[in-house]
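For the sequence shown, the numbering used here assigns the number 46 to the initial residue and increments by one for each residue that follows. In this text, a Cβ means the ideal position worked out from N, Cα and C, and glycines have one as well. As the structure is a computational prediction, the values presented were derived from the model and not from experiment. Only one structure is covered here, and it is reproduced in the block below.
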Amino acid sequence: MTQTLTVNPAALTVTGTNTTWTAGKAGQSLAGFTITGFVNGDTEAALFAAGAADVSCPTVDTSGPKAGSYVIDVTQGTLLTPANYTLTFRKGKLSVH
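Okay, structure coming up:
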């Protein structure tokens with residue numbers, strides 16, 4: 046008897062880190078991203094040593110942002126999709142006070 050075993054890839058979620066800025070202050074940075082969903086002892090360091098997601102907030106003026114809420118976009122950038130995983134990207138939130 047022959048049986049077939051199918052192993053579905055685990056889902057990793059890359060999420061923009063929510064960040065707070067001060068209105069009118071130039072030169073502030075976004076906080077980056079987190080990755081969740083690793084299984085079997087895998088870690089971010091082991092899988093993504095040479096890559097990073099792109100994190101941006103294209104709708105905000107970084108030279109002196111106005112108060113409000115903005116979307117932080119997260120895209121694959123130079124992250125490689127590791128074997129046995131799929132990547133999903135979630136936006137973060139930038140709050141300017």
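When the Cα atoms are used, residue 66 and residue 141 turn out to be separated by approximately 5 Å. By the Cβ neighbour-count rule, residue 110 is buried, with 16 or more other Cβ atoms within 10 Å of its own. With 16 or more other Cβ atoms from the protein chains shown falling within 10 Å of its own Cβ, residue 98 counts as buried. For residue 124, the closest of 62, 139, 58 and 85 by C-alpha to C-alpha distance is 58. Per the C-alpha coordinates, the member of 46, 89 and 105 positioned closest to residue 118 is 105. Here residue 56 carries a strand assignment [DSSP, helix/strand/coil]. The beta-carbon distance between residue 137 and residue 61, rounded to whole angstroms, is 3 Å. This is short enough to meet the 8 Å contact definition.
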